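Just so we're aligned, residue 276 is where the sequence shown starts under our numbering, counting upward by one.
Backbone N, C-alpha and C define an ideal beta-carbon position, used for all residues, glycine too.
Remember, predicted model here, so these are calculated numbers, not experimental data.
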Amino acid sequence: MNATRLDAQHDAHLEGLENAYARLLEAQGYDGVLLYSGAPRHFFGDDQQASFATFAHFLHWVPLAGIEHSWLLIRPGQRPLLRFHAPADFWHLTPSLPEAAWSRRFAIETTAETAPPQLPRGRLAIVGEVDADTAERLGAALNPPALCQALDELRVRKSDYEIACLREANRLALAGHEAARQAFDAGAAELDIQLAYLKASRQRESQVPYQNIVGLNEHAGVLHYQHYDIEAAPRRHSLLLDAGRRVAGYASDITRTWAGSDADPQFAALIEGVEQFQQRLIAELRPGLDYVALHEQMHLELGRLLNAQALIECSPEAAVESGITRAFCPHGLGHSLGLQVHDVAGRRDSSGGPLPAPERDPALRLTRTLEAGMVVTMEPGLYVIPMLLEPLRDRPAGRSIDWTGIARLAPHGGIRIEDNIAIGHGGPINLTRD
Ligand code: GLY
Ligand code: MN
Ligand code: MN
276 MNATRLDAQH DAHLEGLENA YARLLEAQGY DGVLLYSGAP RHFFGDDQQA
326 SFATFAHFLH WVPLAGIEHS WLLIRPGQRP LLRFHAPADF WHLTPSLPEA
376 AWSRRFAIET TAETAPPQLP RGRLAIVGEV DADTAERLGA ALNPPALCQA
426 LDELRVRKSD YEIACLREAN RLALAGHEAA RQAFDAGAAE LDIQLAYLKA
476 SRQRESQVPY QNIVGLNEHA GVLHYQHYDI EAAPRRHSLL LDAGRRVAGY
526 ASDITRTWAG SDADPQFAAL IEGVEQFQQR LIAELRPGLD YVALHEQMHL
576 ELGRLLNAQA LIECSPEAAV ESGITRAFCP HGLGHSLGLQ VHDVAGRRDS
626 SGGPLPAPER DPALRLTRTL EAGMVVTMEP GLYVIPMLLE PLRDRPAGRS
676 IDWTGIARLA PHGGIRIEDN IAIGHGGPIN LTRD
């Protein structure tokens, strides 16, 4: 990343936020809003803390993932006030703010206290994980839905600064993916692949934007597989790795699938087929496109691949219609990506109205019409999930499935290929591959 350019982009991002918040607060009749960073929780009856993610609306302003017990007061026409929590504590390193260009836009108050700042008079709102008593004592409205929805909407289209962070988060994650692939080829266990990923992507496990999915063989067919086997699997059919990285809070979310030394030759052909249709779908991305329609197109592409590979006999259209393709891929084509991995407002229109997922696609997290500046994932999959396929056996649709081929592929689990794409005015900008 070019630091001077990034500083200029960051400055423009903050200026844009100041203007947008001022407009929004005025429109909703507030004199100011107080954002709370949040704080880590303790395990019940214990002095150990769970890992913690700073509230994303706070990170939208302050690029310090992990900042806790801190407050940010935004008032139109005034510099944002950052009340930064920095206790003097000989058990822990006292937090300090970095020397950074962005901090010149803030008035900063460093304090050992966890209490909020003195609030000015007027109509105020608090947004964040704050208890009702605190809000009442401060005389502020707590998480008013209309304001929260409008703040979410501000995060939907990313600034150039945010896209630069997401691009860097992709670059670092890809170094991890490459190291993980090498570890897989060398026969490593899931845990060792995870450790190779963390080392090469330069992060500790508590900092990952979501729990990495490191699935060997059948585990590749468990959509959010959550364990890391500590013993190396003797069979090497496949590895599915879904793993990201944060940069200034912004998350990458990348999946790759590799065939192992024991893979059926058809598995490699299927990986190639999924990747090819993923790239065709990515080429379609542009402002004005209905993401639900593209999700539907994914199912048609999947039907074509299953048919071309002789795993089904029926037409691609019939496979979509009968639900066969949804048994092979029960998740959505992708989602919005930003400070949260499944970023906000994916199922709302730009005025906050609900856009629920279609009835037969309850897992689809993005139902909007695309706009320039959005960043989305594109992650088609093809899995052998017995729980979903077996019920088809006794149905008319099941007669067109090659059950012998399915049994041969089952030990490979499944395939997902996931890239992160910014929607440019002229079309897709692939942050994972450009
Ligand atoms: N890593 C979770 C997802 O791809 O949505
Ligand atoms: Mn993912
Ligand atoms: Mn994803």
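9 Å Cβ cutoff met for G689 and G496:
Contact flag set, yes.
When the Cβ atoms of the stretch 390-410 are set against those of the stretch 574-583, are three or more pairs found closer than 8 Å?
Contact between the stretch 390-410 and the stretch 574-583 is absent, because fewer than three Cβ pairs lie under 8 Å.
Jot down the residue ranges of each uninterrupted alpha helix (DSSP H) in the stretch 311-383, minimum 4 residues, whole runs only, in chain order.
Within the stretch 311-383, the complete alpha helix (DSSP H) segments at least 4 residues long are 331-334, listed from N- to C-terminus.
So, helix, strand or coil for A421, using DSSP?
DSSP places A421 in helix when its eight states are reduced to three.
In the DSSP assignment, the alpha helix (DSSP H) including I676 goes from what residue to what residue?
That residue, I676, is in no alpha helix (DSSP H); it is neither H nor E in DSSP.
Residues in the same chain with beta-carbon distance under 6 Å from A361, minus the five sequence neighbours each way, listed in chain order, please.
Correct list, in chain order: T369, P370, T385.
With a CB to CB cut of under 6 Å and the five nearest residues on each side skipped, what residues in its chain are close to T644?
Same-chain partners within the cutoff: D565.
Assign W366 to buried or exposed, taking buried as 16 or more other Cβ atoms, counted over all protein chains shown, within 10 Å of its Cβ.
Counting Cβ neighbours within 10 Å, W366 comes out exposed, since fewer than 16 surround it.
Could you round the C-beta distance between E547 and Y503 to whole angstroms and report it? I think they count as a contact, below 8 Å.
The pair is not a contact, with the Cβ atoms about 28 Å apart (cut-off 8 Å).
For D677 and L612, I'd like the C-alpha separation in whole angstroms.
Their backbone Cα atoms lie some 37 Å apart in a straight line.
How is the beta strand (DSSP E) around N705 delimited, first residue to last?
702-705 is the span of the beta strand (DSSP E), which, as asked, contains N705.
Helix, strand or coil, according to DSSP, for R521 in the structure here?
If DSSP states are grouped into helix, strand and coil, R521 belongs with the strands.
With a threshold of 8 Å (Cβ to nearest heavy atom), would E301 be considered close to ligand 1?
It does not: the Cβ of E301 is nowhere closer than 8 Å to a heavy atom of ligand 1.
Using a threshold of 9 Å, state whether the C-beta atoms of L447 and R477 are closer than that.
The Cβ atoms of L447 and R477 sit closer than 9 Å to each other.
If you check the beta carbons only, do I696 and T642 fall under 9 Å apart?
Against a cut-off of 9 Å, the Cβ pair of T642 and I696 comes out as no contact.
So the alpha helix (DSSP H) Y658 belongs to, where does it begin and stop?
Y658 -> not in any alpha helix (DSSP H); beta strand (DSSP E) instead, spanning 656-658.
How about I529: is its Cβ closer than 8 Å to a heavy atom in ligand 2?
The answer is yes for I529.
Please work out which residues of its chain come closer than 6 Å, Cβ to Cβ, to R640, disregarding the five sequence neighbours upstream and downstream, and give them in chain order.
Result list for R640: G607, H610, H617, G621, in chain order.
Hey, would you say the C-beta of T652 is under 8 Å away from at least one heavy atom of ligand 2?
With a threshold of 8 Å, the Cβ atom of T652 counts as near ligand 2, since some heavy atom of the ligand is closer than that.
Answer with buried or exposed for I505, where buried requires no fewer than 16 other C-beta atoms within 10 angstroms of its C-beta.
Exposed is the label assigned to I505, since fewer than 16 other Cβ atoms lie within 10 Å of its Cβ.
Out of A602, S675, P671, which has the shortest C-alpha to C-alpha gap to M662?
Across the set A602, S675, P671, the C-alpha of A602 shows the shortest separation from the C-alpha of M662.
Short Cβ contact (9 Å threshold) for G519 with L614:
Contact annotation: G519 and L614 have beta-carbon atoms that are not nearer than 9 Å.
Relative to the alpha-carbon of P637, which residue among V567, L575, I660 has its alpha-carbon at the smallest distance?
The candidate whose alpha carbon is nearest that of P637 is V567.
For the alpha helix (DSSP H) holding T279, just list the boundary residues, first then last.
In the DSSP assignment, T279 falls within the alpha helix (DSSP H) that extends over 278-303.
Assigned secondary structure, T409 (DSSP; H/G/I helix, E/B strand, else coil):
Taken through DSSP and simplified to helix, strand or coil, T409 comes out as helix.
Give me the DSSP bridge partner(s) of V650.
Secondary-structure assignment with DSSP links V650 through a beta bridge to A697.
Could you name the residues of the same chain whose beta carbon sits closer than 6 Å to that of E350, not counting the 5 residues immediately before and after it, in chain order?
Note on identity: in this sequence residue 350 is Arg, with Glu being the wrong assignment. These residues qualify, in order along the chain: G307.
Suppose the cutoff is 7 Å on Cβ atoms and the five residues either side in sequence are ignored; what does the same chain contact list for S326 look like?
Listed in chain order, the non-local C-beta contacts of S326 below 7 Å within the same chain comprise S481, local neighbours out to five positions each way being set aside.
I need the boundaries of the alpha helix (DSSP H) containing I468, first residue and last residue.
Its alpha helix (DSSP H) spans residues 465-475.
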